[in-house]
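Participant: My questions all concern the structure below.
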Amino acid sequence: MNLESLKNYNPAPILPRKVVDSIAFSSDKIEEILNHFSADKDSERAKDIKKTIKMCEEPAGNGEVKHCATSLESMIDFT
């Protein structure tokens, strides 16, 4: 069995904290974010980014604890 084709395959890499801390994840900065990720403003990727940011900016529901992890480290910090 040859698994060479799977080597370095990661369609959604987890960015390190140092990288994500340099990106302003805010709907006010959407153009900067799309440029950073080389996403055309009308692409499916851009739609996904916009949707994710919108969901992260929505307030937590009643009794809900909410955190939008932007890196593996921030996910671990939240747990």
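Be aware that the sequence shown starts at 23, since it is given in this note's numbering, and climbs by one per residue. Quick reminder that beta carbons are idealized off the backbone N, C-alpha and C, glycines included.
Anyone know if the C-beta pair for residue 71 and residue 56 falls short of 8 Å?
Facilitator: Within the sequence shown, the letter at position 49 stands for residue 71. Within the sequence shown, the letter at position 34 stands for residue 56. Against a cut-off of 8 Å, the Cβ pair of residue 56 and residue 71 comes out as a contact.
Participant: Give me, in chain order, the residues of the same chain whose beta-carbon lies closer than 7 Å to that of residue 61; leave out the 5 immediate sequence neighbours on both sides.
Facilitator: Residue 61 sits at position 39 when you count from the first residue of the sequence shown. Only 67, 68 and 71 meet the Cβ criterion.
Participant: Can you tell me the Cα-Cα spacing of residue 48 and residue 98, whole angstroms?
Facilitator: Within the sequence shown, the letter at position 26 stands for residue 48. Within the sequence shown, the letter at position 76 stands for residue 98. Between residue 48 and residue 98, the C-alpha separation is close to 22 Å.
Participant: Classify residue 58 as helix, strand or coil using the three-state DSSP reduction.
Facilitator: In the sequence shown, the residue the question calls residue 58 occupies position 36. DSSP places residue 58 in helix when its eight states are reduced to three.
Participant: In chain order, what residues of the same chain have a beta carbon less than 6 Å from the beta carbon of residue 82, not counting five sequence neighbours either side?
Facilitator: Here residue 82 refers to the residue found at position 60 of the sequence shown. Cβ within range, chain order: 88.
Participant: What is the rounded straight-line gap between the Cα of residue 63 and the Cα of residue 52?
Facilitator: In the sequence shown, the residue the question calls residue 63 occupies position 41. In the sequence shown, the residue the question calls residue 52 occupies position 30. For residue 63 and residue 52, the distance between alpha carbons rounds to 9 Å.
Participant: Residues in its own chain within less than 8 Å of residue 38 by CB, not counting five upstream and five downstream?
Facilitator: Taking the sequence shown and counting its residues from 1, one reaches residue 38 at position 16. So the list reads 93, 94 and 95, once near-sequence residues are dropped.
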